[in-house]
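To keep things clear, I will list the structure first and then write my remarks on it.
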Amino acid sequence: MSHEVRREIFERGHAAVLLPFDPVRDEVVLIEQIRIAAYDTSETPWLLEMVAGMIEEGESVEDVARREAIEEAGLIVKRTKPVLSFLASPGGTSERSSIMVGEVDATTASGIHGLADENEDIRVHVRYTPDFPEMMRLCEMNFSQLRRLLPRNDAPGETVSYQVANAQYRLTIVESTRYTTLVTIEQTAPAISYWSLPSMTVRLYHDAMVAEVCSSQQIFRFKARLLTLPLAGEARVRILQITDTHLFAQKHEALLGVNTWESYQAVLEAIRPHQHEFDLIVATGDLAQDQSSAAYQHFAEGIASFRAPCVWLPGNHDFQPAMYSALQDAGISPAKRVFIGEQWQILLLDSQVFGVPHGELSEFQLEWLERKLADAPERHTLLLLHHHPLPAGCSWLDQHSLRNAGELDTVLAKFPHVKYLLCGHIHQELDLDWNGRRLLATPSTCVQFKPHCSNFTLDTIAPGWRTLELHADGTLTTEVHRLADTRFQPDTASEGY
């Protein structure tokens, strides 16, 4: 027997750990943050981790997991399932970590999160967990064979049949670009057991000469991200922009003295006689003030009679889990890319940094933007975002602009077909030149901010909206409209909100 010894134990408490998982899209969400203890032990102190937090007195593991999912990743957890509980380092600490899997909607996972008072800078990452890992390996090895099987013109809808052993398969082109081809593979005749495989979708990367298997959920997500508007012989497309509605769950509530539901309704009533003229509605953020699902339902209720499809992006006041769910339930598209005939595309960027008023485009957003601009150089492009990338002339408001506008400018400088940018956020009309591009901002449907003020100042001008016309030759014409009356007067003594 060894001698009696004295040992020290670090009593740190216990932790709840959550792996956010989207079962519809086969994706997990991870977070990246700095861990100073890793500085001397790894290549970088920035580590990819699961969502986690310490359990306070009176809290359950599930309580903490749900709270941390919101704080660290901006995610609402629908259901949880315990997976594992373990002692992290029982030789020196009593800390126990309890791991859960939480069901989330990964389409809302993006941006930088964390608590400002804890100096947290947490970036969200989404990772795909393939349905068919073995088939992905086979497809990576057989890119050339798949490439040879495809129709030469790669036109969407084109099909080709082929046989493996005694099994018959059909390949169908879903989408084709300069750099990738998306194709479905279906078994159409009986096969021996070895080749009795599920239908799948495969994306071929031409330059890299590899192929990856996508799940059926991934192809559904791809389709949801793209909206196509045929021109149907028209030489122009008419767009209605509505922005910064700031709606509440309770329709009687007001923002800075203005009932936002009533002002929203007044704007829609003014537009309604012309609603048949619009091909598309774009909603550029801050649709809700209280981040409630009911507020987004009210927005959808307002435009329900409009026949035009609507696309949207979040503002700094929006809560994306509730926003995505409520708008999707109302049939409003989550598409972030819109093809218009053969001449135009609209790209919608998410500049929200959850919990703070300023905006920033994540590295993922900038990379996505560059890819979409590169694969459609023949299309004139209108770019939508919530935050303004150029100073508006209000110093109090400009501190809440797009923080990394320089990075956006660097990307756009490579693509001269990006001619126009459209935003909300500043509750006033703006029309500026940004390095040869036209930058437009649009009044809110509720309160207005007075231009060229150093401090927070409300304007008494009426609520407004914008209409745009995209022409086949790449030109854009636009006009700002306002209510004819002045019944929606704000409390001009207000010093902020």
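Heads up: the sequence shown begins at 15 in the numbering used here, then just goes up one per residue. Each residue gets a CB set at the ideal place from its N, CA and C atoms; glycine is no exception.
Rounded to whole angstroms, what is the Cα-Cα separation between residue i and residue j?
i	j	result
Ser339	Thr121	10 Å
Arg496	Pro59	52 Å
Ala179	Thr186	For Ala179, the predicted model reports a pLDDT of 46, less than 50, meaning its position is unreliable and no value from the coordinates is stated.
Asp505	Gln311	27 Å
Glu70	Ser108	15 Å
Gln442	Glu421	25 Å
Arg393	Gly271	44 Å
Ile84	Ala302	18 Å
Arg184	Ser306	46 Å
Cys408	Phe353	35 Å
Leu426	Pro104	53 Å
Thr424	Arg252	30 Å
Gln47	Phe262	34 Å
Arg137	Pro34	14 Å
Thr198	Asp389	21 Å
Asp499	Pro477	9 Å
Leu446	Glu315	33 Å
Asp119	Ile45	15 Å
Val174	Ser190	15 Å
Glu267	Leu416	29 Å
His324	Lys92	In the sequence under discussion, the amino acid at residue 324 is Cys, which differs from the His named in the question. If you take the alpha carbons of Cys324 and Lys92, they lie about 26 Å apart.
Arg451	Leu98	54 Å
Glu25	Val370	34 Å
So residue i packs on residue j, CB below 8 Å; how close in whole Å?
i	j	result
Ala406	Ala455	7 Å
Leu341	Lys350	Rounded, the Cβ-Cβ distance is 13 Å, inconsistent with contact.
Phe313	Thr259	6 Å
Leu294	Ala322	6 Å
His485	Arg250	5 Å
His439	His400	5 Å
Asp300	Asn330	7 Å
Looking at the unbroken beta strand (DSSP E) that takes in residue i, where does it start and where does it end?
i	result
Ala455	451–455
Arg393	Element bounds for Arg393: n/a, residue is neither H nor E.
Phe100	94–101
Tyr434	432–437
Leu254	250–256
Leu61	60–63
Ala525	The question about residue 525 has no answer, for the chain in this structure spans 15 to 511.
Cys324	324–326
Name the DSSP beta bridge partners of residue i, please?
i	result
Ala29	Met68, Ser111
Val140	Val43
Pro34	Gly116
Leu444	Ala455
Phe502	Phe502 pairs with nothing; no bridge assigned.
Phe24	Thr107
Trp479	His495
Gln462	Asp473
Ile126	Arg137
His401	For His401, which the question treats as bridged, DSSP gives no partner whatsoever.
Gly510	Per DSSP, none; premise fails for Gly510.
What residue range does the alpha helix (DSSP H) around residue i cover?
i	result
Ser365	Careful: Ser365 lies outside any alpha helix (DSSP H) and carries neither H nor E.
Lys386	377–388
Thr11	Summary: the structure shown does not reach residue 11, with the chain confined to residues 15 through 511, and so no result is reported for it.
Ala419	419–426
Ile317	307–317
Ile84	75–87
Ala336	334–343
Leu270	Premise fails: Leu270 is in no alpha helix (DSSP H) and is neither H nor E.
Leu411	409–412
Check whether chain D comes within 8 Å of residue i, counting only Cβ atoms and requiring the distance to be less than that.
i	result
Ala263	Although the question refers to chain D, the structure presented lacks it and comprises just one protein chain.
Is it true that the region 98–114 meets the region 364–373, where meeting means three or more beta-carbon pairs spaced less than 8 Å apart?
-> no
Would you call the region 124–137 and the region 384–394 in contact, with 3 or more CB pairs under 8 Å?
-> no
Meets three-Cβ-pair contact criterion under 8 Å: the region 17–37 and the region 68–76 | In this structure the region 17–37 touches the region 68–76; the number of beta carbon pairs closer than 8 Å is three or more.
Can at least three beta-carbon pairs, one atom from the region 433–446 and one from the region 482–490, be found at a separation below 8 Å?
-> Flag = yes, the region 433–446 and the region 482–490 touch.
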